[in-house]
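Asker:
2 protein chains.
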Amino acid sequence: MAEENAPVAAAAPAVGDQPQEKPATETAAADQPKAEGNGKAAVEEPPKAEMRAVVLTGFGGLKSVKILKKPEPTMGEGEVVIRVKACGLNFQDLMARQGVIESLPKAPFILGFECSGVIEQVGEGVEKFKVGDRVVALPEWRAWSELVSVPAKNVFAIPDNLNYVDAAALATNYIVAYVLLFELGAVKPGSSLILHSAGGGVGQAVAQLCKTVDVTVFGVASKTKHEALKGTIDHLLERGSDYAAEVRKVSPEGVDLFLDCVCGEECSRGYSLLKPMGKYILFGSSNIVTGETKSFFSAAKSWWQVDKISPLKLFDDSKTLMGFNLRRLLFHQNQSEYVANIFDKVIGLWKDGKVKPVIDSTWAFEDVGEAMQKMHDRKNIGKIVLDPSLEPKPKPATPVKGKSKNADKEKEKKEEDSSANGTTTPEVSSPTTKEKEKEKESS
Amino acid sequence: MAEENAPVAAAAPAVGDQPQEKPATETAAADQPKAEGNGKAAVEEPPKAEMRAVVLTGFGGLKSVKILKKPEPTMGEGEVVIRVKACGLNFQDLMARQGVIESLPKAPFILGFECSGVIEQVGEGVEKFKVGDRVVALPEWRAWSELVSVPAKNVFAIPDNLNYVDAAALATNYIVAYVLLFELGAVKPGSSLILHSAGGGVGQAVAQLCKTVDVTVFGVASKTKHEALKGTIDHLLERGSDYAAEVRKVSPEGVDLFLDCVCGEECSRGYSLLKPMGKYILFGSSNIVTGETKSFFSAAKSWWQVDKISPLKLFDDSKTLMGFNLRRLLFHQNQSEYVANIFDKVIGLWKDGKVKPVIDSTWAFEDVGEAMQKMHDRKNIGKIVLDPSLEPKPKPATPVKGKSKNADKEKEKKEEDSSANGTTTPEVSSPTTKEKEKEKESS
Chain A
1 MAEENAPVAA AAPAVGDQPQ EKPATETAAA DQPKAEGNGK AAVEEPPKAE MRAVVLTGFG
61 GLKSVKILKK PEPTMGEGEV VIRVKACGLN FQDLMARQGV IESLPKAPFI LGFECSGVIE
121 QVGEGVEKFK VGDRVVALPE WRAWSELVSV PAKNVFAIPD NLNYVDAAAL ATNYIVAYVL
181 LFELGAVKPG SSLILHSAGG GVGQAVAQLC KTVDVTVFGV ASKTKHEALK GTIDHLLERG
241 SDYAAEVRKV SPEGVDLFLD CVCGEECSRG YSLLKPMGKY ILFGSSNIVT GETKSFFSAA
301 KSWWQVDKIS PLKLFDDSKT LMGFNLRRLL FHQNQSEYVA NIFDKVIGLW KDGKVKPVID
361 STWAFEDVGE AMQKMHDRKN IGKIVLDPSL EPKPKPATPV KGKSKNADKE KEKKEEDSSA
421 NGTTTPEVSS PTTKEKEKEK ESS
Chain B
444 MAEENAPVAA AAPAVGDQPQ EKPATETAAA DQPKAEGNGK AAVEEPPKAE MRAVVLTGFG
504 GLKSVKILKK PEPTMGEGEV VIRVKACGLN FQDLMARQGV IESLPKAPFI LGFECSGVIE
564 QVGEGVEKFK VGDRVVALPE WRAWSELVSV PAKNVFAIPD NLNYVDAAAL ATNYIVAYVL
624 LFELGAVKPG SSLILHSAGG GVGQAVAQLC KTVDVTVFGV ASKTKHEALK GTIDHLLERG
684 SDYAAEVRKV SPEGVDLFLD CVCGEECSRG YSLLKPMGKY ILFGSSNIVT GETKSFFSAA
744 KSWWQVDKIS PLKLFDDSKT LMGFNLRRLL FHQNQSEYVA NIFDKVIGLW KDGKVKPVID
804 STWAFEDVGE AMQKMHDRKN IGKIVLDPSL EPKPKPATPV KGKSKNADKE KEKKEEDSSA
864 NGTTTPEVSS PTTKEKEKEK ESS
């Protein structure tokens with residue numbers, strides 16, 4: 001499926017601000033010729049329509065992520081094809097890029113676990129959707145594309161008045177947050193919890209859900225975010241610090257719940273900060289991702305630092321250890337029905353006005369590298385979203401002083417360097433484009 | 444507190460069938476002279492009143508358990524003195540006898556974690572009780588006695604129409620069962636679970652609570668109990684067998700909950716039989732107790748067989764490991780209020796007719812050894828209760844053929860032998876006394 005990759009210049013204009021919802025073949029035909037050999041289509045076999053997608057060409061740094069033309073997806077039984085309107089970024093995308101999660105496909109492949117959009121084709125045996133339905137989808141890979149085919153069981157309808165960016169931001173983050181709090185954590189009014197990556201998409205979702213049941217939140221976040229998070233988090237703790245004493249000052253007995261998406265040494269700190277009957281839940285291991293490329297050292301360190309625990313210790317302490325991994329639950333444990341049921345509850349809360357996704361920023365496909373870097377550096381507050389209809393940010397017009405190389409070449413060189421030494425120097429983005437909050441169509 | 448132990452002959456008649464509720468000093472004075480030196484009380488210091496109690500004189504076999512006269516308990520601030528009407532046997536009592544649980548007091552001490560009775564004295568600062576109140580109590584040790592002083596926080600009122608034997612059977616077992624199912628397990632209609640020691644006190648409580656929410660129960664029990672348990676357990680599995688294939692036949696995906704009070708190799712079997720999002724709960728480790736006396740081998744084996752688990756494994760599998768230890772929760776983690784709240788819920792269910800304790804048998808103090816042995820051999824179905832007002836079972840009248848030693852001596856010798864080699868040959872008890880179900884007074 002990934003044989004004919006034709007790079008699209010990063011600065012090339014996007015197909016259009018608002019792609020029309022025409023049949024897939026027509027849309028793709030419009031921007032297909034330059035990628036299709038000599039441009040002469042055979043009479044018996046019309047040229048395969050193509051689409052733009054965010055493709056991982058090999059594991060490593062940002063340079064491995066390219067916007068390419070790819071054949072439009074074909075659709076099997078029980079699947080639907082979705083025209084993508086917004087794509088969610090999750091930390092697992094960074095882990096996939098670095099090759100540090102299991103069951104990865106062979107590169108090149110299209111990245112992305114999450115998108116919202118409109119159903120464009122309905123496969124055989126699919127009864128719950130029709131063409132034109134507005135949905136969110138959780139495919140295993142391939143979400144960051146103009147079109148994606150997804151098993152209907154992992155596609156969920158959304159209300160008419162929910163815009164696509166918010167829909168993409170509601171899916172994974174709020175499903176995870178809901179499961180952590182209400183399914184596994186079983187929080188009650190008066191409970192307390194410690195939450196890692198409090199400023200991230202899941203973090204903000206957890207904070208909102210906590211408000212619906214009167215739960216006290218200790219949020220761990222970078223110091224630079226504390227000012228912005230004051231309104232949503234009850235007690236702010238500094239990322240990277242040993243905050244145990246600070247928690248004990250407020251809550252001498254510890255907390256009821258510890259939500260860890262960081263792993264490493266946080267596991268044992270979390271366990272020791274639990275009240276009797278308290279629960280530690282591991283739902284991510286972002287500490288494994290440090291720097292531009294896969295770091296064997298940080299991955300190994302994460303494993304070393306995680307103490308194995310005997311059930312007899314849990315028995316003595318009346319404590320609980322839990323794990324939750326939405327991706328594996330959907331794609332390796334066949335729990336789509338369970339997840340669909342949770343998403344229903346999330347939509348119910350949204351309809352009641354009890355939750356409202358926090359959007360950090362939306363980005364064009366061509367700016368995906370910068371978006372990923374922002375997540376890597378934990379600079380986002382709320383959800384980072386890709387929008388295939390957005391124009392890429394304008395690149396600096398003036399070449400660097402005294403050098404003859406053009407700006408694009410310069411940028412590529414820089415990326416290569418940072419990718420090689422594991423550090424990165426992301427460009428400062430133009431605030432006007434970056435913060436631009438386009439009003440999404442609500443069908 | 445345990446200096447002046449005066450042994451009471453095992454076959455001696457009990458104080459009376461129904462001890463009157465008189466002030467403690469009067470009651471105890473009646474059966475005190477023979478234990479108190481030359482019988483002449485000093486004028487300034489009246490002889491300390493005494494009571495009968497089940498005393499552990501040293502860790503080991505049944506021979507270490509004696510019915511002795513002990514001074515009546517004194518009462519501190521925040522405590523009440525209870526005249527005991529019924530005492531619950533729990534597996535922890537067997538573990539205490541063998542010295543295989545932590546934080547044991549120095550022998551000799553009075554055994555027992557659980558009793559029901561009437562408040563006879565109310566200490567300073569206790570507002571929630573008055574003399575004459577009917578209660579259950581969860582003291583740390585000393586419950587198996589005619590009188591016991593207990594911190595009021597671990598004493599819970601019972602309804603007028605709940606008899607004392609049922610009350611004692613409702614306390615620990617149903618509190619544990621309730622926490623396992625609804626607090627930790629969070630079972631829902633349609634859930635399934637595997638339950639160890641399905642015939643025991645907790646097992647029967649869990650089975651009844653499962654009926655209130657439509658949960659399917661796989662119960663592990665000795666083959667000999669299967670016929671009797673058919674009515675209460677949906678699927679019976681044989682204790683000691685590898686029942687995994689049998690479970691998979693009925694429930695190919697596994698179960699939602701695995702309730703383990705056995706430990707050892709059951710931990711990994713339980714974990715592997717969990718569905719995604721399933722929970723394993725360890726709430727006992729009865730496999731440590733094998734044979735008459737402490738077995739270092741079986742204790743060590745239990746530890747070896749328990750695989751330590753990394754939180755990262757739980758994350759990959761979306762599974763949960765939990766521990767629950769009521770005794771430590773009450774006495775080392777100060778969670779009496781939490782437990783009182785759970786007992787309220789249990790009483791609510793009892794009032795609604797949704798649960799009714801299953802009593803295996805009631806025993807006189809003097810027959811406590813046989814009662815403990817029955818629990819050790821897993822021969823009970825439901826709760827084993829001691830009743831201080833019961834007369835001991837008649838001992839065999841004819842001495843063993845051709846031997847001059849009297850029956851009592853013979854019995855003591857046998858116990859010593861079995862205690863030494865770790866095996867046991869319990870006497871066959873007379874069914875008429877053993878099964879005797881005395882209707883308890885209901886206040």
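Chain order of the listed sequences is A and B. Residue numbering for the first sequence follows this note's numbering, beginning at 1 and increasing consecutively. Residue numbering for the second sequence follows this note's numbering, beginning at 444 and increasing consecutively. Glycine is no exception: its CB is placed at the ideal position from the N, C-alpha and C atoms. A quick note: this is a predicted structure, and the numbers were derived from the prediction, not measured.
#1: For my contact list, A:E79 and A:V150 are in at a C-beta cut-off of 8 Å; report their separation, rounded to the angstrom.
#2: Can you name the start and end residues of the alpha helix (DSSP H) that A:Y271 belongs to?
#3: With B:P800 and B:L613 assumed to form a contact (beta carbons below 8 Å), what rounded beta-carbon distance in angstroms separates them?
#4: Less than 8 Å between the CB atoms is what I'm expecting for B:D699 and B:S635, so what's the real figure, rounded?
#5: Which residues, in chain order, does the stretch 170 to 199 of chain A contribute to contact with chain B at a C-beta distance below 8 Å?
#6: Beta-carbon of B:G646 versus every beta-carbon of chain C: anything under 8 Å?
#7: In whole angstroms, what separates the C-alpha of A:V55 from that of A:E120?
#8: Find the residues of chain A that neighbour B:I785, judging by a C-beta separation of less than 7 Å, and give them in chain order.
#9: Three-state secondary structure (DSSP) at B:Y686?
#10: If we define contact as Cβ-Cβ less than 8 Å, is A:N325 a contact residue for chain B?
#11: For A:Q333, which three-state DSSP category applies?
#12: Looking at the C-beta of A:M322, does it have a partner C-beta in chain B at a distance below 8 Å?
#13: Could you tell me which of B:A580, B:D657, B:S711, B:D787 sits nearest to A:L312, measuring between CA atoms?
#14: Answer yes or no: does any C-beta atom of chain A fall closer than 8 Å to that of B:F774?
#15: Determine whether the beta carbon atoms of B:C704 and B:S640 lie at a separation below 8 Å.
#16: Mind listing the chain B neighbours of A:L282? Cutoff is C-beta to C-beta under 9 Å, in chain order.
#17: With 7 Å as the limit, tell me which residues of the stretch 532 to 551 of chain B have their beta carbon closer than that to any beta carbon of chain A; keep them in chain order.
#18: Kindly indicate if chain A contains any beta-carbon less than 8 Å away from that of B:G695.
#19: Return helix, strand or coil for A:P71, following the three-state DSSP convention.
#20: Over the uninterrupted beta strand (DSSP E) stretch that includes B:V527, give me the two end residues.
#21: Hey, how far is the Cα of B:G575 from the Cα of A:L329?
#22: Helix, strand or coil for B:V782 per DSSP?
#23: Along chain A, in chain order, which residues have C-beta atoms closer than 9 Å to that of B:R712?
#24: How long is the line joining the alpha carbons of A:V215 and B:L829, rounded to whole angstroms?
#25: Start and end of the alpha helix (DSSP H) containing A:E227?
#26: If we require 3 or more residues per run, which beta strand (DSSP E) segments fall completely within the stretch 187 to 217 of chain A?
#27: Considering only their Cβ atoms, is the gap separating B:G566 from B:I525 smaller than 8 Å?
#28: Report the rounded CA-to-CA distance for B:S798 versus B:I790, giving the unit in angstroms.
#29: Can you find the residues in the same chain that come closer than 6 Å, C-beta to C-beta, to B:V619, ignoring five residues on each side of it along the sequence?
#30: Whole-angstrom Cβ separation of A:G99 and A:F156, contact assumed at under 8 Å?
#31: Taking a cut of 9 Å between CB atoms, which residues from the stretch 653 to 682 of chain B lie near chain A?
#32: Got a sec: which bits of the stretch 499 to 511 of chain B sit with their beta carbon under 7 Å from any beta carbon on chain A, in order along the chain?
#33: Can you find a C-beta in chain B that's less than 8 Å from the C-beta of A:K411?
#34: I'd like to know if A:P151 contacts chain B, where contact means its C-beta is closer than 8 Å to some C-beta of that chain.
#35: Would you call the CB atoms of B:I553 and B:S588 closer than 8 Å?
#36: CA-CA distance, B:D795 and B:K788?
Answerer: The short version:
#1: Counting from one through the first sequence, the residue named residue 79 of chain A turns up at place 79. Counting from one through the first sequence, the residue named residue 150 of chain A turns up at place 150. In this structure, A:E79 and A:V150 form a Cβ contact; the two beta carbons are roughly 6 Å apart against a cut-off of 8 Å.
#2: Start at 1 with the first residue of the first sequence, and residue 271 of chain A comes out as number 271. Taken as a continuous stretch (DSSP letters only), the alpha helix (DSSP H) holding A:Y271 covers 266 to 272.
#3: Indexing the second sequence from 1 puts residue 800 of chain B at position 357. Indexing the second sequence from 1 puts residue 613 of chain B at position 170. That pair is a contact at about 5 Å.
#4: For the purposes of this step, residue 699 of chain B is taken as the residue at position 256 of the second sequence. For the purposes of this step, residue 635 of chain B is taken as the residue at position 192 of the second sequence. The C-beta distance from B:D699 to B:S635 rounds to 6 Å, short enough to meet the 8 Å contact threshold.
#5: E183, L184, A186
#6: Looking at the structure shown, chain C is missing, and the protein chains on hand are A and B.
#7: For the purposes of this step, residue 55 of chain A is identified with residue 55 of the first sequence, where counting begins at 1. For the purposes of this step, residue 120 of chain A is identified with residue 120 of the first sequence, where counting begins at 1. Our two residues, A:V55 and A:E120, have alpha carbons roughly 22 Å apart in a direct line.
#8: Here residue 785 of chain B corresponds to residue number 342 of the second sequence, with the count starting at 1. None at all; the shortest Cβ gap to chain A is about 11 Å.
#9: On the second sequence, residue 686 of chain B is found 243 positions in, with the first residue counted as 1. Coil.
#10: Translated into the one-based positions of the first sequence, residue 325 of chain A becomes position 325. Yes, its Cβ sits closer than 8 Å to a Cβ of chain B.
#11: For the purposes of this step, residue 333 of chain A is taken as the residue at position 333 of the first sequence. Coil at A:Q333, not helix or strand.
#12: By 1-based counting over the first sequence, the position of residue 322 of chain A is 322. True, the Cβ-Cβ gap to chain B drops below 8 Å.
#13: In the first sequence, the residue the question calls residue 312 of chain A occupies position 312. Residue B:S711 is the option with its Cα nearest to A:L312.
#14: Your numbering for residue 774 of chain B matches position 331 in the second sequence. It does not: the Cβ of B:F774 has no partner Cβ on chain A nearer than 8 Å.
#15: Position 261 of the second sequence, counted from the first residue, corresponds to residue 704 of chain B. Position 197 of the second sequence, counted from the first residue, corresponds to residue 640 of chain B. A contact, by the Cβ cut-off of 8 Å.
#16: In the first sequence, residue 282 of chain A corresponds to position 282, counting from 1. What A:L282 touches in chain B: P754, L755, L757, F758.
#17: none
#18: Residue mapping note: residue 695 of chain B aligns to position 252 of the second sequence, counting from 1. First, the residue type needs correcting, since residue 695 of chain B is Pro and not Gly in the sequence shown. No, B:P695 does not count as interfacial toward chain A.
#19: One-based indexing of the first sequence puts residue 71 of chain A at position 71. Here A:P71 sits in strand by DSSP.
#20: For the purposes of this step, residue 527 of chain B is taken as the residue at position 84 of the second sequence. B:V527 -> beta strand (DSSP E) spans 522 to 531.
#21: If you number the second sequence from 1, residue 575 of chain B lands on position 132. If you number the first sequence from 1, residue 329 of chain A lands on position 329. Going from the Cα of B:G575 to the Cα of A:L329 covers about 56 Å.
#22: Against the second sequence, residue 782 of chain B aligns to sequence position 339. In the structure shown, B:V782 sits in a helix (DSSP, three-state: H, G or I).
#23: For the purposes of this step, residue 712 of chain B is taken as residue 269 along the second sequence, with counting starting at 1. Simply none; closest approach about 12 Å.
#24: As a position in the first sequence, residue 215 of chain A is number 215, starting the count at 1. As a position in the second sequence, residue 829 of chain B is number 386, starting the count at 1. Roughly 44 Å between the two C-alpha positions.
#25: As a position in the first sequence, residue 227 of chain A is number 227, starting the count at 1. Counting along the chain, the alpha helix (DSSP H) containing A:E227 begins and ends at 226 to 229.
#26: 192 to 195
#27: Counting from 1 along the second sequence, the entry for residue 525 of chain B is found at position 82. Counting from 1 along the second sequence, the entry for residue 566 of chain B is found at position 123. Not closer than 8 Å, so no.
#28: For this step, residue 798 of chain B is matched to residue 355 along the second sequence. For this step, residue 790 of chain B is matched to residue 347 along the second sequence. According to the sequence as given, residue 798 of chain B is Val; it is not Ser. C-alpha separation (whole angstroms): 9 Å.
#29: Here the question's residue 619 of chain B lines up with position 176 in the second sequence. Counting only Cβ-Cβ distances below 6 Å, and skipping sequence neighbours, we find V645, L769.
#30: One-based indexing of the first sequence puts residue 99 of chain A at position 99. One-based indexing of the first sequence puts residue 156 of chain A at position 156. About 29 Å separates the beta carbons of A:G99 and A:F156, which is beyond the 8 Å limit, so they are not a contact pair.
#31: none
#32: Those would be none; no residue qualifies.
#33: Your numbering for residue 411 of chain A matches position 411 in the first sequence. In this prediction, A:K411 scores a pLDDT of 45, lower than 50, which makes its location untrustworthy; no coordinate-derived value is stated.
#34: The residue you call residue 151 of chain A lines up with position 151 of the first sequence. No, its Cβ sits nowhere closer than 8 Å to a Cβ of chain B.
#35: As a working mapping, residue 553 of chain B is identified with position 110 in the second sequence. As a working mapping, residue 588 of chain B is identified with position 145 in the second sequence. Yes. Within cutoff.
#36: As a working mapping, residue 795 of chain B is identified with position 352 in the second sequence. As a working mapping, residue 788 of chain B is identified with position 345 in the second sequence. Taking the straight line from one Cα to the other gives about 11 Å.
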